[in-house]
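J.: I'd like to ask some things about the structure below.
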Amino acid sequence: MHQSRFARNILLGIENLLQHKLRSFLTMLGVVFGVGSVVAMLAVGEGASREAMKQIEKLGSNNIIINSIKSIEEESTSTQRSHMSVYGLTYMDYQRINETFPNVRKSVPAKLIRKEARVEARTLELRIVGTTQEWFELVPRPILAGKIFGENEVKNIAPVVVLTEFGARKLLATKNTIGQTVRIGGDSFEVIGIIKSEAAQAGNIQIPDQQIDAYIPISTVKEYFGDIFLKVTSGSFTLEQIELHQIIVQADDIANVESTAIGIERMLKNFHKKADYEISVPLALLKQAEATKRRNAIVLGSIACISLLVGGIGIMNIMLASVTERTREIGIRRAIGARRSQIITQFLIEAVVLSTLGGIVGLAVGIGIPCIITYFSDMPTVITLGSILLPLFISVGIGIIFGLYPAVNAAKVDPIIALRHE
Amino acid sequence: MSIVQFENIHKHYQMGSEQVLALNGVSLSFDKGSFWAIMGPSGSGKSTMMNILGCLDRPTSGEYLLEDKNVGVLDDNSLSDIRLKYIGFVFQSFNLMPQLSVQKNIELPLYYLGWEADKSAERAKELAEKVGLSERLNHKPAELSGGQMQRVAVARSLAAQPHIILADEPTGNLDSHTGEQIMRLLTELNAEGTTIIMVTHEPDIAGYAKNRLHMKDGKVEKIE
Ligand SMILES: Nc1ncnc2c1ncn2[C@@H]1O[C@H](COP(=O)(O)OP(=O)(O)OP(=O)(O)O)[C@@H](O)[C@H]1O
Ligand SMILES: [Mg+2]
């Protein structure tokens, strides 16, 4: 069997470390915890940021979402003077966005209303989105039964309704409900389809499906229910006029998202006296999330560095003690003919073996902890190749950095004095 | 033909304000294949001389020729190589590696020579047989008697086939019987052509050598 010199050196190192099992083990523990915490922290951090990214991506990175909000001055004046507050996005805004910006591929208006609905004897409040057929292109959902409304229905102000799975369940509607009539706010609507809901995600800006029961063409909503809503807040009634609650704009290219968002913001500012709208850009959030991720990586990295530093100092400490203890051994080796560099190599390898073994065990610990976390809470954790390789490289590096000084010390030992050493 | 040659070698140690003249102008020449016993009172500079002969130490002044090479001009790595290839040390206190087996102790110089593991194991077995320790290859030094430990040390010093064996009081820690065993071993080696330089206090032991050199106060007193 031919062993390479390198392999023999490593075996020698392991043999020497086995001379002091407990001591080597305790020294290793520092690196184990250091590397373990790095891997675990990276996994938790990566998991959290991936989760955030996924949610943001769901909003569509090409999209710009504009919501109507009640401006602050409106909020404070409405109760005192006028009994009707008028705010929010308008049909004109929608039209202008479509006409002004060449980079807008499509834009979708939405009215969000609540109306009493009746099927046979049951009466329920439905949360309804009035929109165009393009909504379903932006937020595609599988159709469970029937069909969704198209351009014609919107143009013809058709009294049709598409239920979400969620709304359908509320109304106890089934596939057989397709083609039947539901009474919404006193008018008759034909149920033409049921689409699948997707679970609401925390932090989702777009209206999640679970909060939507039905879709009706926007023209129909406007025609049947108008733009004025009665709002009940803490016992008092206010009338609010809002034309559109939301406009979702899709840019033709991801590169044009931010410039288009800025353009829309500027335009809206021109036409709105109050800041009664809010623009959110998932892409910007995505970039923000990426920046947060980078920042987290730096913070986690520095904490990890501290724990690894502690591990490294432990190694240095034990190696220095070992050099003093083995002065005589060093003397013998030097007398036999070992070069200084060979003594350095020997002690350095011991330090690196110590730290690398610690790193490998730490890796196992660091992979185990996130798995346990994910098992007991549903916090996502992700272990990437990088989060495995980096700590391994670092643990090897720590062995070299913190082993070098003791190793050089060992090589400086004067063989004559060392041989007299008892 | 001389294997080692000292030309007016001085070795001074500075002890605070006092200067110790461990070697105070030593000139000598030992022939290839010779067997020298170096004698003299304690503190006369015998060990200091051995250290310089073995290239473990450098003289303060003077010239040391080893096989006609001037050792004084060599760097630390070259001196290490000379120790590895030309010189075998045997110490009074054996100086074996306690954590290594007899075999691994004997193999140590071969490890630094870069020998392959199986070849050096073979050589170690050969040498163990030569010193009569074939049965003890896997023992640790602590499990051996003093005489056995010194035989391991001799075997180790022979591993790299050195030209010179330097033995500083090799029998100092042994009883007279085991001491004689070691001396017979060294005599045998000398008969095979290895130059042996040995420090001893005991005239009996010195009797095994072909030549004797007496030291006093860092100087050569007489040669016989
Ligand atoms: N490293 C040192 N530093 C200072 N003085 C030293 C050193 N080594 C040796 N000496 C001194 O040099 C002198 C010679 O020492 P050396 O060890 O060569 O004597 P020795 O003949 O081997 O004695 P012994 O028979 O006791 O072994 C002594 O006086 C000793 O104190
Ligand atoms: Mg001495």
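Read top to bottom, the protein sequences are chains A and B.
With the numbering used here applied, the first sequence closes on residue 422, and no number is skipped along the way.
With the numbering used here applied, the second sequence closes on residue 1224, and no number is skipped along the way.
Even glycine gets a Cβ: it sits at the ideal position worked out from N, Cα and C.
Specify, as a first and last residue, the run of the alpha helix (DSSP H) that G286 (chain A) falls within.
T.: Counting from one through the first sequence, the residue named residue 286 (chain A) turns up at place 286. In the sequence on display, residue 286 (chain A) carries Leu and not Gly. From DSSP, the alpha helix (DSSP H) with L286 (chain A) extends over P282 to E325.
J.: Are the Cβ atoms of K293 (chain A) and S61 (chain A) separated by less than 8 Å?
T.: Indexing the first sequence from 1 puts residue 293 (chain A) at position 293. Indexing the first sequence from 1 puts residue 61 (chain A) at position 61. Against a cut-off of 8 Å, the Cβ pair of S61 (chain A) and K293 (chain A) comes out as no contact.
J.: Return the CA-CA distance between P140 (chain A) and K196 (chain A), expressed in angstroms with no decimal places.
T.: Position 140 of the first sequence, counting from 1, holds the residue named residue 140 (chain A). Position 196 of the first sequence, counting from 1, holds the residue named residue 196 (chain A). Their backbone Cα atoms lie some 10 Å apart in a straight line.
J.: Excluding the five sequence neighbours on either side, which residues of its own chain have a C-beta within less than 6 Å of the C-beta of Q1019 (chain B), listed in chain order?
T.: Walking along the second sequence from the start, residue 1019 (chain B) turns up at place 19. Counting only Cβ-Cβ distances below 6 Å, and skipping sequence neighbours, we find H1012.
J.: Could you have a look at G203 (chain A) and say whether DSSP puts it in helix, strand or coil?
T.: Indexing the first sequence from 1 puts residue 203 (chain A) at position 203. Here the model assigns G203 (chain A) a pLDDT of 39, short of 50, so the residue's position is not dependable, and the following value carries that caveat. It is coil, neither helix nor strand.
J.: Just to confirm the assignment, what range does the beta strand (DSSP E) spanning F1030 (chain B) have?
T.: The residue given as residue 1030 (chain B) occupies position 30 in the second sequence. Taken as a continuous stretch (DSSP letters only), the beta strand (DSSP E) holding F1030 (chain B) covers E1018 to D1031.
J.: Taking its Cβ as the centre, do 16 or more other Cβ atoms sit within 10 Å of F166 (chain A), making it buried, or is it exposed?
T.: Along the first sequence, read from residue 1 onward, the residue named residue 166 (chain A) stands at position 166. Result: buried.
J.: Quick check: the stretch 241-248 of chain A against the stretch 181-193 of chain A, are there 3 or more CB pairs under 8 Å?
T.: Short answer: they don't touch.
J.: Would you mind telling me which residues of chain B sit closer than 8 Å to I417 (chain A), beta carbon to beta carbon, in chain order?
T.: Numbered from its first residue, the first sequence carries residue 417 (chain A) at position 417. Ordered by position in chain B, no residue passes the 8 Å Cβ test against I417 (chain A), which lies about 10 Å from the chain.
J.: Check whether the Cβ of K1216 (chain B) lies closer than 7 Å to any heavy atom of ligand 1, and answer yes or no.
T.: Within the second sequence, residue 1216 (chain B) is the residue found at index 216, counting from 1. No - ligand 1 has no heavy atom lying nearer than 7 Å to the Cβ of K1216 (chain B).
J.: How is G130 (chain A) classed by DSSP in three states: helix, strand or coil?
T.: Here residue 130 (chain A) refers to the residue found at position 130 of the first sequence. Three-state result, G130 (chain A): strand.
J.: Using a Cβ cut-off of 7 Å, pull out every chain B residue sitting near Q342 (chain A), in sequence order please.
T.: The residue you call residue 342 (chain A) lines up with position 342 of the first sequence. Chain B residues near Q342 (chain A): Y1112.
J.: May I ask you to report which of helix, strand or coil DSSP gives Q1161 (chain B)?
T.: As a working mapping, residue 1161 (chain B) is identified with position 161 in the second sequence. It is coil, neither helix nor strand.
J.: Does the Cβ-Cβ distance between V31 (chain A) and I398 (chain A) come in under 8 Å?
T.: Position 31 of the first sequence, counted from the first residue, corresponds to residue 31 (chain A). Position 398 of the first sequence, counted from the first residue, corresponds to residue 398 (chain A). Going by C-beta atoms, V31 (chain A) is nearer than 8 Å to I398 (chain A).
J.: Give the C-beta separation of G1218 (chain B) and S1044 (chain B) to the nearest angstrom, bearing in mind that I take them to be a contact with Cβ-Cβ under 8 Å.
T.: Translated into the one-based positions of the second sequence, residue 1218 (chain B) becomes position 218. Translated into the one-based positions of the second sequence, residue 1044 (chain B) becomes position 44. Indeed, because the Cβ distance is near 7 Å, the residues count as touching under 8 Å.
J.: Go through the stretch 232-263 of chain A residue by residue and report every complete run of the beta strand (DSSP E) that reaches 3 residues or more, in order.
T.: Runs found: 236-241 and 246-251.
J.: Within this structure, are the beta carbons of A1209 (chain B) and W1036 (chain B) separated by less than 8 Å?
T.: As a first step, residue 1209 (chain B) must be located in the second sequence, where it is residue number 209. As a first step, residue 1036 (chain B) must be located in the second sequence, where it is residue number 36. In contact: A1209 (chain B) and W1036 (chain B) (Cβ atoms closer than 8 Å).
J.: Express the C-alpha separation of N16 (chain A) and A351 (chain A) in angstroms, rounding to a whole number.
T.: For the purposes of this step, residue 351 (chain A) is taken as residue 351 along the first sequence, with counting starting at 1. For the purposes of this step, residue 16 (chain A) is taken as residue 16 along the first sequence, with counting starting at 1. Cα-Cα distance, rounded: 11 Å.
J.: Under 9 Å Cβ-Cβ, which residues of chain B neighbour I332 (chain A)?
T.: Residue numbering aside, residue 332 (chain A) sits at position 332 when the first sequence is read from its first letter. Those are F1089, F1091, N1095, L1096, M1097 and L1108, listed as they occur along chain B.
J.: If you draw a straight line from the alpha carbon of P1162 (chain B) to that of K1222 (chain B), how long is it in whole angstroms?
T.: Position 162 of the second sequence holds residue 1162 (chain B). Position 222 of the second sequence holds residue 1222 (chain B). C-alpha separation (whole angstroms): 28 Å.
J.: Hey, is V1199 (chain B) close to ligand 2, as in C-beta under 7 Å from one of its heavy atoms?
T.: Position 199 of the second sequence holds residue 1199 (chain B). It does: the Cβ of V1199 (chain B) is within 7 Å (strictly closer) of some heavy atom of ligand 2.
J.: Using a C-beta to C-beta distance shorter than 8 Å, which residues of chain A count as neighbours of N1051 (chain B)?
T.: Stepping through the second sequence from its first residue, residue 1051 (chain B) is reached at position 51. Chain A residues near N1051 (chain B): I416.
J.: Do Y1112 (chain B) and I1164 (chain B) have their C-beta atoms closer together than 8 Å?
T.: By 1-based counting over the second sequence, the position of residue 1112 (chain B) is 112. By 1-based counting over the second sequence, the position of residue 1164 (chain B) is 164. No, Cβ-Cβ distance for Y1112 (chain B) and I1164 (chain B) is not below 8 Å.
J.: Would you call the stretch 356-372 of chain A and the stretch 1088-1104 of chain B touching, i.e. three or more CB-CB distances under 8 Å?
T.: Output reads no: the stretch 1088-1104 of chain B does not touch the stretch 356-372 of chain A.
J.: Following a CB-centred definition, is D1168 (chain B) positioned closer than 7 Å to any heavy atom of ligand 2?
T.: What you label residue 1168 (chain B) is simply residue 168 of the second sequence in a count that begins at 1. Yes, the Cβ of D1168 (chain B) comes within 7 Å of a heavy atom of ligand 2.
J.: With A1160 (chain B) and L1084 (chain B) assumed to form a contact (beta carbons below 8 Å), what rounded beta-carbon distance in angstroms separates them?
T.: Here residue 1160 (chain B) corresponds to residue number 160 of the second sequence, with the count starting at 1. Here residue 1084 (chain B) corresponds to residue number 84 of the second sequence, with the count starting at 1. Confirmed, Cβ separation roughly 6 Å.
J.: Give a yes or no on whether the minimum CB-CB distance between R339 (chain A) and chain B is below 8 Å.
T.: If you number the first sequence from 1, residue 339 (chain A) lands on position 339. Yes - at least one Cβ of chain B is within 8 Å of the one on R339 (chain A).
J.: If you drop the 5 nearest sequence neighbours on each side, which residues of the same chain put their C-beta closer than 6 Å to that of G1172 (chain B)?
T.: One-based indexing of the second sequence puts residue 1172 (chain B) at position 172. Excluding residues within five positions, the ones whose Cβ falls inside 6 Å are Q1092.
J.: Which ranges would you report for the alpha helix (DSSP H) in the stretch 324-391 of chain A if only whole runs of at least 4 residues count?
T.: Within the stretch 324-391 of chain A, the complete alpha helix (DSSP H) runs of at least 4 residues are 327-336 and 340-376.
J.: Helix, strand or coil for G1088 (chain B) per DSSP?
T.: Here residue 1088 (chain B) refers to the residue found at position 88 of the second sequence. In the structure shown, G1088 (chain B) sits in a strand (DSSP, three-state: E or B).
J.: Determine the direct distance from the alpha carbon of E153 (chain A) to that of Q133 (chain A), and round the result to whole angstroms.
T.: Within the first sequence, the letter at position 133 stands for residue 133 (chain A). Within the first sequence, the letter at position 153 stands for residue 153 (chain A). Those two C-alpha atoms are separated by around 9 Å.
J.: In this structure, does DSSP put F1006 (chain B) in helix, strand or coil?
T.: In the second sequence, the residue the question calls residue 1006 (chain B) occupies position 6. Strand at F1006 (chain B).
J.: Name the chain B residues whose beta carbon is nearer than 8 Å to that of I336 (chain A)?
T.: On the first sequence, position 336 is the one that residue 336 (chain A) refers to. Those within 8 Å of I336 (chain A) in chain B are R1083, L1084, F1089, L1108, P1109, Y1112 and R1156.
J.: Since D1057 (chain B) meets chain A, which of its residues come closer than 8 Å, beta carbon to beta carbon?
T.: Counting from one through the second sequence, the residue named residue 1057 (chain B) turns up at place 57. Those within 8 Å of D1057 (chain B) in chain A are I416.
J.: Taking just the CA atoms, how far does V129 (chain A) sit from L283 (chain A)?
T.: Along the first sequence, one-based indexing puts residue 283 (chain A) at 283. Along the first sequence, one-based indexing puts residue 129 (chain A) at 129. Cα to Cα, the separation comes out at about 24 Å.
J.: Can the beta-carbon of I66 (chain A) be found less than 8 Å from the beta-carbon of V221 (chain A)?
T.: Here residue 66 (chain A) corresponds to residue number 66 of the first sequence, with the count starting at 1. Here residue 221 (chain A) corresponds to residue number 221 of the first sequence, with the count starting at 1. Cβ atoms of I66 (chain A) and V221 (chain A): not closer than 8 Å.
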